[in-house]
Amino acid sequence: MQKAKGKIGFKGFVVIASGVIVVTLSSLYNRTTLLHNAKLDTSRRTTDSLTWPKTFGYGRVATTQDIAAWDIDIQPDGKGLPAGSGTVHEGKVVYLAKCAACHGAEGKEIAGQKLPAPALVSDTTFQGRKSNTIGNYWPYATTVFDYIRRSMPYTAPGTLTNNEVYALTAYILGQNHIIKTDAVINAQTLPKVIMPAKKHFITDDREGGAEVK
Amino acid sequence: MGKKEKLLMNRRTWLGGTLAAAVIHVQTAWGKSIQIPTLSSEDDPTKKIGPGPSKLGKRSLFEHPVRKPSDISSRTPLQDLYSTITPSDLHFERHHAGVPVIDPEKYELLIHGMVDKPMKFTLRDLKRFPSVTRTCFIECAGNFRTGKEEMTPQDILGLTSQSEWTGVMLSTLFREVGVQPKATWFLAEGSDAAVLTRSIPVSKGWNDAMIVYAQNGEAIRPEQGYPARLLLPGWEGNTNVKWLRRIELSDQLWMTREETSKYTYPVKDRIRQFSFDMDARSIITFPSYPANVEPGWIEIRGIAWTGRGKVHRVDVSTDSGKTWNSARLQEPVLDKAHTYFRYLWHWSGNETEIMSRVIDETGYMQPTLRQLIDARGVDITGYHLNPITAWVIKRDGSVKFKSESWK
């Protein structure tokens, strides 16, 4: 009985995992909710004397200020990008002052020299690349902004202004020849930048079973 | 001070002094010299009163299991463990901007986005919710190193550890905030200096995800996410976001740096991403480098695990992979957990290779490196690479890693 139950649960999980990848929104939710509730019902009846309340009432409602203070993520469609803008030329100034010490003068891999931080710049050729850079490997331009803003510079994370982050993003994309040198990067233009590597990415579709893939 | 107390004090002082004075140097698994105490014939433990009770226990003076740190991670000494729970201070570490110091009184978890009621929970709030305890492994997605014969299980596969975790089911919090039906992904964000983020399917949140605040019965260790982390049983370590401060629900994912430029890997001419499940793998931890063995009976021991459910079977070969026999599994076999296996073997003294392979409950069998290369191409990296690993037993009894390169 125990074993059979575990098996059903596992099969359910496999179905859910594949559902996520193809994003069957409502059916996915219903399936998982049903599965979840079914599980909860069983444990509730056997272990708790009372059914669970609709809400426990712990915690407090988050204010818009609470959310604004931490909500720094950017999505590929540009959701979350703040006001402000930057250019390749402005970015070069910021880069030399705050990034070059670790990423090198131009962000490129230098033969025979080990930089403290990864190379950021290359051409956009995917096949035969020596290292993974923003030019040849990163699939979304919005990730550049998001990552710089949340965790760079490494020794002083979270200290750049939004304009500085836009400018650095512009500079790095420009160095990789993904945008023109006179481009202005802001909340409208950044999500429109198509990264050369995007077409190479695939989502893992393995679900277990005998096949080695 | 009473007579007996004085005697004890003297005894302790004397004992400490003797032990400090008499030391020998031994080689650790990776060749570093450490000092361990030796006892003289005067140290008959049945003739002397030992130290009394203490506030905090510590290991025997003769035991020195240690992690092996690099700049970015620290590896569990798998060869020093006898079962599947990793002592908390030996749990592997991997972090992207150091270990933050977080005041538990100031800690808050924010859940917002596509929810009916955005909420903030203190650590105290999280601990008030109905709690759950479960044992499972956490393994780094890049857990495989090879390259030379003198490698221990720690060197090869030390980025996996297992703990008994306690916390609140994420589904409990999802119900509390009212996750909306159209939400398909959530962002998990840490409060370290990397402010690390990953996109996670909401289904995992409803299924078996937890927010955990305890590890092996006590507060979670700083290196493992104090005061609270996300636990996604069976999924790549990086998604189990530590020092968790924020969860945002959405109908699209984020494509964060950790799921695009990192934790992705070449498969033929493509880059595969979102490999959440950790593939089944196993390793013999005894005998392994740097052990020396003698001809006769040897109990081969090791661990096997899979992110896709339970270990179904572990096979062991003692003739370089020509024939395989089933190992005994230590019960209970838990879901998404390190499972201890043992196989009794009589070694004749001739050189041979010993190795293990796991079969999980989906029917997946741990592949050889060759099979992985055939399936994915020669550009494979250390991410999600789970080949069978073998040990060479030499005629002199020394045990060496069978290092296979693929380029």
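Top line first, the protein sequences correspond to chains A and B.
Residues 822 to 1034 in our numbering are what the first sequence spells out, letter by letter.
Residues 268 to 674 in our numbering are what the second sequence spells out, letter by letter.
Don't be surprised by glycine CBs; every beta carbon is placed ideally from N, CA and C.
Name the chain B residues whose beta carbon is nearer than 8 Å to that of residue i?
i	result
H924 of chain A	Here the premise fails: no neighbours, minimum Cβ distance about 14 Å.
I999 of chain A	Those within 8 Å of I999 of chain A in chain B number zero; the least Cβ separation is about 15 Å.
I888 of chain A	L377, H379, P385
N953 of chain A	S528
P978 of chain A	A364, A460, A461, V462
On the DSSP letters alone, give me the boundaries of the beta strand (DSSP E) that residue i sits inside.
i	result
T419 of chain B	Note, T419 of chain B: premise wrong, no beta strand (DSSP E); not H, not E.
Y610 of chain B	606–614
F966 of chain A	Run containing F966 of chain A: none in the beta strand (DSSP E); it sits in the alpha helix (DSSP H), 962–972.
W572 of chain B	563–572
F404 of chain B	399–406
W452 of chain B	452–457
F553 of chain B	548–553
D627 of chain B	619–627
K387 of chain B	386–389
V583 of chain B	578–584
E515 of chain B	511–517
A460 of chain B	First-last for A460 of chain B: undefined, no H or E at that position.
S321 of chain B	Here S321 of chain B belongs to no beta strand (DSSP E), and DSSP marks it neither H nor E.
In terms of residue numbering, what span does the alpha helix (DSSP H) encompassing residue i cover?
i	result
R537 of chain B	Taken as a continuous stretch (DSSP letters only), R537 of chain B belongs to no alpha helix (DSSP H), being part of the beta strand (DSSP E) at 537–540.
G912 of chain A	909–919
N1045 of chain A	As displayed, chain A neither begins before 822 nor continues past 1034, which places residue 1045 of chain A out of reach and without an answer.
Q637 of chain B	The residue asked about is misnamed: residue 637 of chain B is Arg in this sequence, not Gln. Its alpha helix (DSSP H) spans residues 636–643.
N1007 of chain A	Counting along the chain, N1007 of chain A falls outside any alpha helix (DSSP H), though it belongs to the beta strand (DSSP E) covering 1005–1007.
D1026 of chain A	Run containing D1026 of chain A: none; DSSP gives neither H nor E here.
S438 of chain B	437–444
Which term fits residue i, buried or exposed, when burial requires 16 or more other beta carbons within 10 angstroms of its beta carbon?
i	result
I316 of chain B	exposed
G979 of chain A	exposed
E566 of chain B	exposed
D663 of chain B	exposed
A932 of chain A	exposed
K603 of chain B	buried
K738 of chain B	No information on residue 738 of chain B is available, as it lies outside the stretch 268 to 674 that chain B covers here.
N592 of chain B	exposed
K509 of chain B	buried
L516 of chain B	buried
Y697 of chain B	Outside the modelled stretch of chain B, which goes from 268 to 674, sits residue 697 of chain B, for which no answer is possible.
Among all the DSSP beta bridges, which residues are the ones paired with residue i?
i	result
W891 of chain A	In DSSP, W891 of chain A forms no bridge with anything.
Y532 of chain B	B:R539
Q482 of chain B	B:W432, B:E485
N559 of chain B	B:S665
A935 of chain A	Residue identity differs from the one stated: residue 935 of chain A is Lys in this sequence, not Ala. Beta-bridge pairing links K935 of chain A to no other residue.
P468 of chain B	B:W452
K929 of chain A	A:V942
H379 of chain B	B:E515
V368 of chain B	V368 of chain B is not bridged to any residue.
P336 of chain B	B:S341
What does residue i reach in chain B if we use C-beta pairs closer than 7 Å?
i	result
Y879 of chain A	F388, D392, R395, F396
K1034 of chain A	A642
T964 of chain A	M522, T523, R524, T527
T1024 of chain A	Q540, F541
List, in order along the chain, the chain A residues whose C-beta lies closer than 7 Å to that of residue i?
i	result
L454 of chain B	D894
T606 of chain B	Within 7 Å Cβ-Cβ: nothing; T606 of chain B doesn't reach chain A, min ~14 Å.
Y631 of chain B	G1029, G1030, A1031
Chain C partners of residue i, CB-CB under 8 Å?
i	result
D944 of chain A	Of the protein chains in this structure, namely A and B, none is chain C.
Check the Cβ of residue i against every Cβ in chain A and list those closer than 8 Å, keeping chain order.
i	result
K384 of chain B	V882
A594 of chain B	Those do not exist, as A594 of chain B stays about 20 Å from chain A at its closest Cβ, beyond 8 Å.
Q638 of chain B	V1033
R537 of chain B	H1021, F1022, I1023
What residues from chain A crowd round residue i, counting only those whose CB sits closer than 9 Å?
i	result
V625 of chain B	Simply none; closest approach about 12 Å.
P634 of chain B	V1033
Please indicate yes or no: does the CB of residue i lie closer than 7 Å to some heavy atom of the ligand HEM?
i	result
V560 of chain B	Ligands are entirely absent from the displayed structure, and the ligand HEM is therefore not among its contents.
Residues of chain B with CB under 9 Å from residue i, in chain order?
i	result
P897 of chain A	Q519, L520, W521, M522
Should the segment 445–454 of chain B be regarded as contacting the segment 510–529 of chain B, the criterion being three or more beta carbon pairs within less than 8 Å?
yes
Closer than 8 Å is the cut-off here; do at least three beta carbon pairs connect the segment 941–955 of chain A with the segment 979–997 of chain A?
yes
With three or more C-beta pairs closer than 8 Å as the rule, is the segment 531–543 of chain B touching the segment 489–507 of chain B?
yes
Please determine if the segment 886–895 of chain A and the segment 960–974 of chain A are in contact, where contact requires at least 3 C-beta pairs separated by less than 8 Å.
yes
Is it the case that the segment 467–484 of chain B contacts the segment 437–447 of chain B, given that we only count it when at least three CB pairs across the two stretches are under 8 Å?
yes
Quick one: any contact between the segment 591–610 of chain B and the segment 566–579 of chain B, if contact means 3 or more CB pairs under 8 Å?
When C-beta atoms of the segment 591–610 of chain B are compared with those of the segment 566–579 of chain B, three or more pairs fall below 8 Å, so the two segments count as touching.
Determine, using beta-carbon pairs with one atom in the segment 368–378 of chain B and one in the segment 414–427 of chain B, whether at least three such pairs fall under 8 Å.
Contact fails: fewer than three Cβ-Cβ distances are below 8 Å.
Count the C-beta pairs between the segment 908–925 of chain A and the segment 998–1017 of chain A that are closer than 8 Å, then say yes if the count reaches three, no if not.
Short answer: they touch.
Evaluate contact between the segment 656–671 of chain B and the segment 620–628 of chain B, counting only Cβ atoms and requiring at least three cross-stretch pairs below 8 Å.
yes
Cβ contact check for the segment 872–882 of chain A and the segment 373–387 of chain B: 3 or more pairs under 8 Å
yes
Would you call the segment 476–485 of chain B and the segment 405–424 of chain B in contact, with 3 or more CB pairs under 8 Å?
no
With three or more beta-carbon pairs closer than 8 Å as the criterion, would you say the segment 575–584 of chain B touches the segment 627–640 of chain B?
Contact holds: three or more Cβ-Cβ distances are below 8 Å.
For the segment 356–369 of chain B against the segment 325–335 of chain B, are there 3 or more C-beta pairs whose distance is under 8 Å?
yes
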